[in-house]
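A.B. asks:
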Amino acid sequence: MRISGVSRTVSYFVLAIGMCLVLAPMYLTLTIAMKTPAETAKNFFALPSGFYMGNFIEVIQKANFFKFLGNSVYVTVVSILLMLLLIPMVSYAISRNFSKRYYKLLYLLVMSGIFVPFQAVMLPIYRHMSNLKMLDQNGLIVMYVTLAFAQGLFLCVGFLKNIPMELDEASKIDGSGVWTTFTRIIYPLMLPIIATVIILNSLWIWNDFQLPLIILNRHPDFWTLPLFIYNFKSEYSSNFNLAFAGFFISMLPIIILYGFTQKYIIGGLTEGALK
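Using our numbering, the letters of the sequence shown correspond one by one to residues 1 to 275.
1. What's the call for C20, buried or exposed, on a 16-neighbour Cβ count within 10 Å?
2. Counting beta carbon pairs with one atom in the region 130 to 139 and one in the region 211 to 221, are three or more of them shorter than 8 Å?
3. For I256, which residues in the same chain have their Cβ closer than 6 Å to its Cβ, ignoring the five residues on either side in sequence?
4. Here's a check: name, in chain order, each residue in its chain whose Cβ is nearer than 6 Å to the Cβ of Y102, leaving out the five neighbours to either side.
5. Do you know how far the Cα of V78 is from the Cα of I173?
6. Would F68 and W223 be called neighbours here (beta carbons separated by less than 7 Å)?
7. Enumerate, from N- to C-terminal direction, the unbroken alpha helix (DSSP H) stretches of 4 or more residues contained entirely within the region 90 to 131.
8. Around the C-beta of K35, are 16 or more other C-beta atoms found within 10 angstroms, so that it is buried, or is it exposed?
9. For L106, which residues from the same chain have a beta carbon less than 8 Å from its beta carbon, with the 5 sequence-adjacent residues on both sides left out?
10. Count the other CB atoms within 10 Å of the CB of G246; is the residue buried (16 or more) or exposed (fewer)?
11. Under a Cβ-count criterion, where at least 16 other Cβ atoms within 10 Å of its own Cβ denotes burial, should R96 be classed as buried or exposed?
12. Quick check on the DSSP output: the alpha helix (DSSP H) that includes L211 runs from which residue to which?
13. Measure how close the beta-carbons of L140 and V197 come, nearest whole angstrom, since I'm counting them as under 8 Å.
14. At what residues does the alpha helix (DSSP H) containing A195 begin and finish?
15. With a cut-off of 8 Å on the beta carbons, I'd call I17 and F240 a contact; round off their distance for me.
16. Give me the residue from A24, N201, F149 and Q210 with the minimum Cα distance to S112.
17. Look at the alpha carbon of R2 and the alpha carbon of V10, and state the distance between them as a whole number of angstroms.
18. Round the Cβ separation of I194 and L84 to the nearest angstrom and send it over; I've been treating them as touching at under 8 Å.
19. At the level of alpha carbons, what is the spacing between V6 and M165?
20. Starting from L167, trace the alpha helix (DSSP H) in both directions and tell me its first and last residue.
21. Assuming L200 and V59 make a contact with CB atoms under 8 Å, what is their CB distance in whole Å?
22. Touching or not, the region 150 to 160 and the region 112 to 122, by the rule of three or more beta carbon pairs under 8 Å?
23. Measure how close the beta-carbons of W206 and S49 come, nearest whole angstrom, since I'm counting them as under 8 Å.
24. Label P117 either buried or exposed according to how many other C-beta atoms from any shown protein chain fall within 10 Å of its C-beta, with 16 as the threshold for buried.
25. Short check: CB of V121 to CB of L82, under 7 Å?
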């Protein structure tokens with residue numbers, strides 16, 4: 001009992017430290033965004049004297065914020081919809097034919113992309129997309145879907161291997177084709193792992209800076225929020241209040257999404273492992 005009590009105390013202590021490390025940046029971001037420049041100069045870390053919203057209003061009015069928000073929403077939603085359609089379909093085909101050499105080699109080929117660092121393909125990506133005349137939002141979406149395939153395939157194929165083949169055979173006996181079996185039987189069973197894939201990739205796409213920098217940097221009208229924040233920070237580097245207001249507004253949508261859906265990340269992975 002004593003060992004258990006000490007262990008619990010240590011666990012709570014470590015969790016408290018982790019919570020402080022996570023909340024400290026959020027505290028600074030929000031408090032600085034709600035201060036006037038005079039308050040920030042007086043005490044950088046103190047709480048604001050009131051709920052000053054002028055910085056948020058100025059960011060939205062001056063910087064055409066909603067335009068870049070719309071760009072991020074468009075890129076994220078279309079990318080996720082394509083992943084929602086393509087990754088489960090390819091995963092189902094591979095998992096049900098894994099004993100065949102072609103499908104096994106295809107799986108290993110896609111999975112090899114996990115071991116290639118992004119820095120090694122930055123220049124080839126830019127040159128290839130430039131040759132295809134796709135240095136725009138649609139080209140960015142294509143790259144997100146392509147780069148998400150390795151992780152998505154790994155998770156979905158592993159999940160599908162735990163769904164018995166007897167379901168497919170019973171469906172076939174009832175007269176269903178492959179498409180009907182997949183859409184009406186298999187796909188609904190995949191929803192936990194699909195939710196996990198969608199949430200992980202939504203967080204990545206919304207916060208990603210490197211890929212938009214490579215593909216969209218020459219076209220300001222197509223900038224996503226991370227690119228907008230980067231350039232906004234450079235422009236207002238002397239005004240911490242405006243910069244931090246921009247940071248907080250850009251973080252808010254994905255924080256809300258993660259808060260409502262975080263249970264599906266662990267739930268999907270756990271269900272896939274224990275199914």
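Backbone N, C-alpha and C fix where the C-beta goes; we use that ideal spot for every residue, glycine too.
Every value quoted in this text rests on a predicted model; they were computed, and no experiment measured them.
C.D. replies: Let me spell this out:
1. exposed
2. yes
3. none
4. none
5. 37 Å
6. yes
7. 101 to 111 and 118 to 131
8. buried
9. I94
10. buried
11. buried
12. Q210 to L216
13. Actually they are not in contact, since the Cβ atoms of L140 and V197 sit about 19 Å apart, beyond 8 Å.
14. L191 to N207
15. With 8 Å as the limit, I17 and F240 do not qualify as a contact, their Cβ atoms being about 27 Å apart.
16. F149
17. Residue placement at R2 is poorly supported in this model, since its pLDDT is 49, which falls under 50; the coordinates still yield a value, given next. Using only the alpha carbons, I get a separation of about 12 Å.
18. 7 Å
19. 48 Å
20. E166 to I173
21. Contact doesn't hold; Cβ gap of about 29 Å is too wide.
22. yes
23. Their Cβ separation, rounded to whole angstroms, is 32 Å, which puts W206 and S49 out of contact at 8 Å.
24. exposed
25. no
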